[in-house]
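Going by numbering that gives the first Met the number 0, the sequence shown opens with residue 0, and the numbers climb by one from there.
Using N, Cα and C, we set each Cβ at its ideal position, and we do this for glycine too.
These numbers come from a predicted model, not from an experiment.
Here the structure comes first, spelled out in structure tokens, and everything after it is commentary.
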Amino acid sequence: MGDKEKLISDESLEATRNVAKKETFIKLPWYFAGGFLVFWALLFFAIVIPFFYRLPTPLTMEDSNKSVFITERAYNNLYTLANIGNKLTGSTENEIQAVNFILNELESIKSVLLTDYFELEYEVSQASGGFAYSTMLNTYQGVQNVVAKLSPKNSTSVTYLLINSHFDSKPYTNSAGDAGFMIVVMLEVLRVIATTKQTIEHPIVFLFNGAEEGMMQASHGFVTQHRWAPLCKTVINLDAGGSGGRDILFQTGPNHPWLVKHYKESIKHPFATTMGEEIFQSGIMPSDTDFRQFNLFGNIPGLDMAQCINGYVYHTKYDLIDVIPRGAFQNTGDNILSLVRNLANATELYDIEAHKTGHAVFFDFLGIYFFHYSEATGIYLNYGVAGATLILIFVSIWRMSSVSKVSICHVIRWFILVFVIQIISFALALALPTVIAYVMDSSGLAMTYYSTPLLVVGLYVCPSLVGLSVPTTIYYSLQRNDKLPNPYHLQLALHSQAILLAVLAAGVTYLGYRSAYIFVIPLIFYVASLTLNLLTTLHDRGYSWSGLLKASQIAPFLYSSYVIYIFIVVLTPMGGRAGNISIRDLYIAVLAAVGTILCFGFLVPLINSFRRPSFVIFALLAASAISLYLASSTQLGFPYRPKTSGQRVQYLQVRNMFYEYDGTLSKDESGYLFSYQDRRGASPFKGTKVNLTGLVGIADRCETHMMCGMPLYDYRFYQNRLTLQWLPRSEPIVPPSDFHFELLNKTSVNSTTMRYWFETQGSNHMSIFLQTYEDAKITGWSFLESYLTNTQPYHVYLTHGIDARPFNFTVDIWKSDGDFDVPAFQLGCSDHRVQDPGDAEAVKFASTFPSFSILAQWPVLYKRYIF
Ligand SMILES: [Zn+2]
0 MGDKEKLISD
10 ESLEATRNVA
20 KKETFIKLPW
30 YFAGGFLVFW
40 ALLFFAIVIP
50 FFYRLPTPLT
60 MEDSNKSVFI
70 TERAYNNLYT
80 LANIGNKLTG
90 STENEIQAVN
100 FILNELESIK
110 SVLLTDYFEL
120 EYEVSQASGG
130 FAYSTMLNTY
140 QGVQNVVAKL
150 SPKNSTSVTY
160 LLINSHFDSK
170 PYTNSAGDAG
180 FMIVVMLEVL
190 RVIATTKQTI
200 EHPIVFLFNG
210 AEEGMMQASH
220 GFVTQHRWAP
230 LCKTVINLDA
240 GGSGGRDILF
250 QTGPNHPWLV
260 KHYKESIKHP
270 FATTMGEEIF
280 QSGIMPSDTD
290 FRQFNLFGNI
300 PGLDMAQCIN
310 GYVYHTKYDL
320 IDVIPRGAFQ
330 NTGDNILSLV
340 RNLANATELY
350 DIEAHKTGHA
360 VFFDFLGIYF
370 FHYSEATGIY
380 LNYGVAGATL
390 ILIFVSIWRM
400 SSVSKVSICH
410 VIRWFILVFV
420 IQIISFALAL
430 ALPTVIAYVM
440 DSSGLAMTYY
450 STPLLVVGLY
460 VCPSLVGLSV
470 PTTIYYSLQR
480 NDKLPNPYHL
490 QLALHSQAIL
500 LAVLAAGVTY
510 LGYRSAYIFV
520 IPLIFYVASL
530 TLNLLTTLHD
540 RGYSWSGLLK
550 ASQIAPFLYS
560 SYVIYIFIVV
570 LTPMGGRAGN
580 ISIRDLYIAV
590 LAAVGTILCF
600 GFLVPLINSF
610 RRPSFVIFAL
620 LAASAISLYL
630 ASSTQLGFPY
640 RPKTSGQRVQ
650 YLQVRNMFYE
660 YDGTLSKDES
670 GYLFSYQDRR
680 GASPFKGTKV
690 NLTGLVGIAD
700 RCETHMMCGM
710 PLYDYRFYQN
720 RLTLQWLPRS
730 EPIVPPSDFH
740 FELLNKTSVN
750 STTMRYWFET
760 QGSNHMSIFL
770 QTYEDAKITG
780 WSFLESYLTN
790 TQPYHVYLTH
800 GIDARPFNFT
810 VDIWKSDGDF
820 DVPAFQLGCS
830 DHRVQDPGDA
840 EAVKFASTFP
850 SFSILAQWPV
860 LYKRYIF
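Pasting the structure below:
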């Protein structure tokens, strides 16, 4: 510190001391403290929210000669595509009508193609194959892709750009947003490029895939089998986890930072966050996209983008065109058009491997500006800022000691005390919202904010602010220290907050997370204001330093509240389909608390620069209490609303038929198998017309039966098997007449191995479950062999697209004694008629559910055999 000491002469120190003495640290009246917090709340509501939802003006046909993306055309296309209705893989709507719609559009684009510049070829391709996914083997037959390639005239280039989305639907939805929206965006982007006199370097492959919703089969088919796939060097994957709003870039690379550079160069309306990428890849989002398939099976890096707001309608019958604002088409259209053009000219495509140089850190600021840098730069930056924080704080403490003539050890002692108090504030700011979430959840009041997101402010943000402010406020009201003036004490509290953030930034960086940048942003601005305050000696003039500090925190406040808001908007509707076990309130409470600490950490201690800061705390407590009351005792806190944010209730109408080794039917039951998609489960139906008497768990069956003796054909059903519930019904479900399962033959491979030949045919979605008895082993089969290393029971999920021929398969069973005259294995076959609303009794039962519930129901025939 010797050098620094010399910088300030004794004279100037003496002058500063005099100023410090003269200013008796005038505190502003108490209502300024309230106004102070209201100011920051206003910043959020008047700036962050409008920017978050800001969309460009949609363009109409009047602009169609300008070589720009025309919303009107895309909108009209989506109207046609969505009106086809539900497009389940294997249905006529998907395999014929939707495919023909896309082919017609491609034909019309070809008719206006600039043939001096481009060539356009397209085809419908079929694929069959299989891959392991989670606990199951996904096997498919004849799923369809419409593939179009736009090449520069006479091009012999062997490096293509791929752009993908899917047109198929989940059951019971027209899937306008997921992902019809992206399909029509792709069509319009193709049309604009094909009709603009602006050449491209690399051919562009537009992949319109017809099987994503049943576990991403069509993209797997393309990437493993299509002749163009090995030439595709980069992919732009487009999908949806919601509907409308701005498209978010939520996954990149992996390990290809140049992609982010091109995103920045070209994108008109940036919206992206590294934190999203890290959260998505951690697996807490109950979703996956085709991006995975291109990466895993084709080693194709790229950009994964999606619609992310209004996840309430995702995969429901309310995913309709009317909930999508036209500005959203323009936003995504502008982005994809410029991104495709840019990447179609990117030189990196010639040698992708050479540009595999690590991860990138990236994020946008309010959709206005996009920042990105390499992970390595991020590491230096984070440690650098953390280090600078410590140095500057030391300089500040030294200044305090010289100005107020108190020994430095004394100041450090106070600092340690204030630091401990700040840690308590930090802990309380996290703990109070968490406790509220936990108590609400345990009292059966989960997800009260589901349809009223504003409640998050009262339920979690206000208590977090109380936690953040109480310890420091108590400390400042009690401490009487004549030697070190109050403004200095207050700065010590802010320094403590800075040290905590520095430790977090360094720790999170050390653990390898790029998201550490969210701690660094407020810190950089704090360090900057502290530097300026020290240089101008405002640091030593009463509360004069607080002006610069407040001004410097505006930008980080806007950013932190923006990024946390993104996650609350995305994760809240996801809680509606995260299953019965997951306590989603805790996620939201912790997010809100982290947001509060990031936004207000440097601001809340400043209420002590006003008179009677306790008034502010009482106001916050009152706001929390009112919100708790509204959430727990009024209709506002009821999570669901008809049509816009309903409760997802998924159930199957199951007919279980169990056959023994001798062929006798030992069990035949019909009932409804419930999978509650959220934390409230069946409780909202109490007191309604829904008769759930007789509802039982199936956990005990899991101990005695393969796959719990139920057709658990979705890997998530199996994961959540202990929360599934069974409601028997008296009237048996009539099995579909075209279902067929047969053991065709048994042939001996050698003295210890028998080959079983099977044939099955049914609807477009079926499953085979297999489990051997103790003395038998499966040594081979006609499905993907590598899956056999998984643990039993095996689950083969069968999907067919346009090719509805029977599935024929063989299974080789090995027994040491070669005795195949006793039971060797169990085999279950289920046929999921996902497109069928069910029989009269099921329809009547469904009609008893109240209007706030969104039903997904379909009949399943499950036959279990022993061979
Ligand atoms: Zn989708």
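Check: If we count Cβ pairs, one from each stretch, closer than 8 Å, do we get three or more for the stretch 270-283 versus the stretch 199-209?
Finding: no
**Message:** Can you tell me where the alpha helix (DSSP H) holding Thr223 begins and where it ends?
**Reply:** For the purposes of this step, residue 223 is identified with residue 224 of the sequence shown, where counting begins at 1. Gln216 to Gln224 is the extent of the alpha helix (DSSP H) around Thr223.
_Neighbourhood of ligand 1 [Cβ distance below 6 Å to any heavy atom], ordered by chain position_ = His165, Asp177, Ala178, Glu211, Asp238 and Ala239
Report yes if the CB atom of Leu664 is closer than 9 Å to the CB atom of Ile697, and no otherwise.
-> Within the sequence shown, residue 664 is the residue found at index 665, counting from 1. Within the sequence shown, residue 697 is the residue found at index 698, counting from 1. Not in contact: Leu664 and Ile697 (Cβ atoms no closer than 9 Å).
| said: Suppose the cutoff is 7 Å on Cβ atoms and the five residues either side in sequence are ignored; what does the same chain contact list for Ala343 look like? | reply: As a first step, residue 343 must be located in the sequence shown, where it is residue number 344. Only Leu160, Ile199, Glu200, His201 and Ile203 meet the Cβ criterion.
**Message:** Which of the three DSSP states is assigned to Gln143 in this structure?
**Reply:** Taking the sequence shown and counting its residues from 1, the one referred to as residue 143 is at position 144. Strand.
*Quick one: is Val869 buried, meaning 16 or more other Cβ sit within 10 Å of its Cβ, or exposed?*
What the structure shows of the chain is the stretch from 0 to 866, and residue 869 is not part of that stretch, so it cannot be assessed.
Please state whether the Cβ-Cβ distance between Ser138 and Tyr796 is less than 9 Å. Here residue 138 is taken as the residue at index 139 of the sequence shown, counted from 1. Here residue 796 is taken as the residue at index 797 of the sequence shown, counted from 1. It is Thr, not Ser, that sits at residue 138 in the sequence shown. Yes, Cβ-Cβ distance for Thr138 and Tyr796 is below 9 Å.
Same chain only: Cβ atoms within 6 Å of Met60, ignoring 5 sequence neighbours per side: Locating residue 60 in the sequence shown gives position 61, where the first residue counts as 1. Within the same chain, Met60 has close Cβ partners Glu71.
Given this structure, state the Cα-to-Cα distance separating Gln496 from Leu365, to the nearest angstrom. If you number the sequence shown from 1, residue 496 lands on position 497. If you number the sequence shown from 1, residue 365 lands on position 366. Going from the Cα of Gln496 to the Cα of Leu365 covers about 25 Å.
Can you pull the DSSP bridge partners for Leu136? Counting from 1 along the sequence shown, the entry for residue 136 is found at position 137. Partner(s): Ala131 and Val795.
Give the secondary structure of Lys21 by DSSP, where H, G and I count as helix, E and B as strand, and everything else as coil. Counting from one through the sequence shown, the residue named residue 21 turns up at place 22. Residue placement at Lys21 cannot be trusted, given a pLDDT of 42 that sits under 50; what the coordinates show is reported in the next sentence. Lys21: helix per DSSP, three-state reduction.
**Asked** From this set, Ile767, Ile46 and Phe31, which residue's C-alpha is nearest Tyr564's C-alpha?
**Response** Along the sequence shown, read from residue 1 onward, the residue named residue 564 stands at position 565. Among Ile767, Ile46 and Phe31, the Cα nearest to that of Tyr564 is on Ile46.
Start-to-end residues for the beta strand (DSSP E) that takes in Cys231
Here the question's residue 231 lines up with position 232 in the sequence shown. Its beta strand (DSSP E) spans residues Cys231 to Ala239.
Checklist entry - Based on the DSSP output, what are the partners of Met753 in its beta bridges? => result Residue 753 sits at position 754 when you count from the first residue of the sequence shown. Ser747 and Ile812.
- Query: Hey, Tyr714 and Met135: beta-carbon distance below 9 Å or not?
  - Reply: As a first step, residue 714 is located in the sequence shown; it is residue number 715 there, counting from the start. As a first step, residue 135 is located in the sequence shown; it is residue number 136 there, counting from the start. Taking 9 Å as the Cβ cut-off, Tyr714 and Met135 qualify as a contacting pair.
* To do: Could I get the ranges of all uninterrupted alpha helix (DSSP H) runs contained in the stretch 496-554, with 4 residues as the minimum, in chain order?
  => 516-534 and 544-551
Next item on the list: In angstroms with no decimal places, state the Cα-to-Cα distance between Phe100 and Asn144.
Entry: Taking the sequence shown and counting its residues from 1, one reaches residue 100 at position 101. Taking the sequence shown and counting its residues from 1, one reaches residue 144 at position 145. Approximately 13 Å, taken between the alpha carbons.
Notebook entry, point to check: In this structure, what does DSSP give as the bridge partners for Ala305?
Noted result: Here residue 305 corresponds to residue number 306 of the sequence shown, with the count starting at 1. Asp238 and Ile247.
Checklist line | Cβ-based burial, Glu702 [other Cβ within 10 Å; buried from 16] | finding: Position 703 of the sequence shown, counting from 1, holds the residue named residue 702. Burial call: exposed.
**OP:** Can you grab the Cα-Cα spacing for the pair Lys20 / Val402, in whole Å?
**Re:** Position 21 of the sequence shown, counted from the first residue, corresponds to residue 20. Position 403 of the sequence shown, counted from the first residue, corresponds to residue 402. With a pLDDT of only 45 at Lys20, under 50, the local geometry of the prediction cannot be trusted, and the value read off the model is given with reservation. Their Cα atoms are separated by approximately 10 Å.
Can you tell me where the alpha helix (DSSP H) holding Arg715 begins and where it ends? Within the sequence shown, residue 715 is the residue found at index 716, counting from 1. Here the alpha helix (DSSP H) through Arg715 covers Tyr714 to Gln718.
### Task
Tell me where the beta strand (DSSP E) around Cys707 begins and ends.
Residue 707 sits at position 708 when you count from the first residue of the sequence shown. Note, Cys707: premise wrong, no beta strand (DSSP E); not H, not E.
Secondary structure of Thr771, DSSP reduced to three states = If you number the sequence shown from 1, residue 771 lands on position 772. Thr771: strand per DSSP, three-state reduction.
Excluding sequence positions up to five away, which residues of its chain have a Cβ less than 7 Å from the Cβ of Gly310?
-> As a position in the sequence shown, residue 310 is number 311, starting the count at 1. Around Gly310: Gly240, Gly241, Val569, Pro572 and Met573.
>> For Gln552, would you say it is in contact with chain C, using Cβ-to-Cβ distances shorter than 9 Å as the test?
In response: Of the protein chains in this structure there is only one, and it is not chain C.
> Around the C-beta of Ile580, are 16 or more other C-beta atoms found within 10 angstroms, so that it is buried, or is it exposed?
Replying inline: Your numbering for residue 580 matches position 581 in the sequence shown. Exposed, since its Cβ has fewer than 16 Cβ neighbours within 10 Å.
Exercise. May I have the straight-line CA-CA distance separating Thr251 from Asp289, to the nearest angstrom?
Key: Here the question's residue 251 lines up with position 252 in the sequence shown. Here the question's residue 289 lines up with position 290 in the sequence shown. In a straight line, the C-alpha of Thr251 is about 13 Å away from that of Asp289.
| DSSP three-state assignment for Ala295, whether helix, strand or coil | In the sequence shown, residue 295 corresponds to position 296, counting from 1. Contrary to the premise, residue 295 reads as Leu rather than Ala in this sequence. In the structure shown, Leu295 sits in a helix (DSSP, three-state: H, G or I).
Check your understanding: Between the Cα of Leu547 and the Cα atoms of Tyr558, Leu533, Ser559 and Leu557, which residue gives the shortest distance?
Key -> For the purposes of this step, residue 547 is taken as residue 548 along the sequence shown, with counting starting at 1. Minimum Cα distance to Leu547 is reached at Leu533.
Which of helix, strand or coil does DSSP assign to Leu627? Taking the sequence shown and counting its residues from 1, the one referred to as residue 627 is at position 628. Of the three classes helix, strand and coil, the one that applies to Leu627 here is helix, per DSSP.
**Asked** Sorted by chain position, which residues of the same chain lie with C-beta nearer than 7 Å to Glu22's C-beta, five sequence neighbours on each side aside?
**Response** Position 23 of the sequence shown, counting from 1, holds the residue named residue 22. In this prediction, Glu22 scores a pLDDT of 44, lower than 50, which makes its location untrustworthy; the coordinate-derived value is nonetheless stated afterwards. Arg540 and Gly541, listed in sequence order.
Notebook entry, point to check: With contact counted as at least three CB pairs below 8 Å, one residue from each stretch, are the stretch 585-596 and the stretch 460-474 in contact?
Noted result: yes
Item to check | Beta-carbon separation (whole angstroms), Gln856 vs Gln652, contact threshold 8 Å | outcome: One-based indexing of the sequence shown puts residue 856 at position 857. One-based indexing of the sequence shown puts residue 652 at position 653. Between Gln652 and Gln856 the Cβ distance is about 7 Å, and since that is below 8 Å, they are a contact.
For Asp321, count neighbouring C-beta atoms within 10 Å of its own C-beta (all shown protein chains included) and say buried if the count is 16 or more, exposed if not.
Along the sequence shown, one-based indexing puts residue 321 at 322. Its Cβ having fewer than 16 others within 10 Å, Asp321 is exposed.
**Prompt:** Which whole-angstrom value is the C-beta distance of Phe68 and Val191, which I expect to be below 8 Å?
**Reply:** Position 69 of the sequence shown, counting from 1, holds the residue named residue 68. Position 192 of the sequence shown, counting from 1, holds the residue named residue 191. Their Cβ separation, rounded to whole angstroms, is 6 Å, which keeps Phe68 and Val191 in contact under 8 Å.
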